[in-house]
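So the structure is just underneath, and the comments pick up after that.
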Amino acid sequence: MIVGIGIDIVELSRIAQLIEQQPKFIDRILTHNERIRFQQLSSKRKVEFMAGRFAAKEAYAKAVGTGIGTHVSFHDIEIQNDENGKPYIVSTSLTERVHVSISHSEHYAVAQVIIERLSS
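Note that UniProt numbering has the sequence shown beginning at 1, numbered continuously upward.
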């Protein structure tokens, strides 16, 4: 049964500006493992990666129903990729199945998250 759906869209130019003007933005949003991957990317790909992770984490928090804040922080959510490149969410508070999709265009990154309660 679906228990939550969240979606978020961000402008790549906004993320590029934040990366350039506020270096702590990276540490605020990305987990340690995500930062390691981020540092290995080209400048253009860094913006897409950061925007996608930001959108996915916001979408997850919306699907949970709390938004980012008291109950869910950016560091509570880690986005990894499987061997085929498919993104998935790792979270310490996760007990349900979570589906995540991230996409980029020339100007935007968008992410959608669906949380599904597993039958017992």
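Built from N, CA and C at the ideal position, the CB exists for glycine as well.
Here the structure is a predicted model, which means the values were calculated and not measured.
- Sequence-distant Cβ neighbours of E11 in its own chain, meaning closer than 7 Å and more than five residues away, are H107 and Y108.
- Here P87 is bridged, per DSSP, to N81.
- In this model, D8 and E34 are separated by some 19 Å (Cα to Cα).
- K24 sits exposed, since fewer than 16 C-beta atoms from the chains shown fall within 10 Å of its C-beta.
- Beta-bridge analysis with DSSP links Q40 to no other residue.
- For R97 and S42, the gap between their C-alpha atoms comes out near 32 Å.
- Counting along the chain, the unbroken beta strand (DSSP E) around E11 starts and ends at I2 to E11.
- The criterion of a C-beta distance shorter than 7 Å is not satisfied by V47 and A61.
- Looking at the backbone, the Cα of A55 and that of I102 are separated by about 8 Å.
- The residues H107, in chain order, have a CB closer than 8 Å to that of S13 in the same chain once the five nearest residues on each side in sequence are set aside.
- The residue from I2, I5 and V100 with its alpha-carbon nearest to that of D82 is V100.
- For I68, there is no enclosing alpha helix (DSSP H), since its DSSP letter is neither H nor E.
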